[in-house]
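Residue numbers (my numbering): 72 to 138.
For each residue, glycine too, the CB sits at the ideal point set by N, CA and C.
Let me begin by presenting the structure, written as structure tokens, before commenting on it.
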Amino acid sequence: MCMHNPPCPNADAADREAAKVALRDDVTGFARLCNGVIRFNDTEELLPDNTIIAPHRSDHVRQAAAA
Numbered sequence: 072m073c074m075h076n077p078p079c080p081n082a083d084a085a086d087r088e089a090a091k092v093a094l095r096d097d098v099t100g101f102a103r104l105c106n107g108v109i110r111f112n113d114t115e116e117l118l119p120d121n122t123i124i125a126p127h128r129s130d131h132v133r134q135a136a137a138a
């Protein structure tokens, strides 16, 4: 359960990548988010239910690149 205020988005939410990083390992290239999502450096994600999200650019990265 997330202890952040405001709480991090759930793993099944569209903005799941906005969750805070709970654990990061730069050597192996992944971060575990507060909501249980594992995000890899290539932007691939592994959800807690073992669903794989193919590498992609999140909306906030696209918006920053366009600015």
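In the same chain as GLU116, and ignoring 5 residues on each side of it, the C-beta atoms closer than 6 Å to its own belong to VAL108, ARG110, ILE124, in chain order. Under the 10 Å beta carbon count, ALA84 is surrounded by fewer than 16 other beta carbons and is classified as exposed. Annotation for CYS79: CYS73, ALA89, ALA90, LYS91, LEU104, CYS105, ASN106 place their beta carbon closer than 8 Å to its own, counting only its chain and skipping 5 residues before and after.
In this structure, the beta-carbon distance from ALA82 to PRO119 falls below 8 Å.
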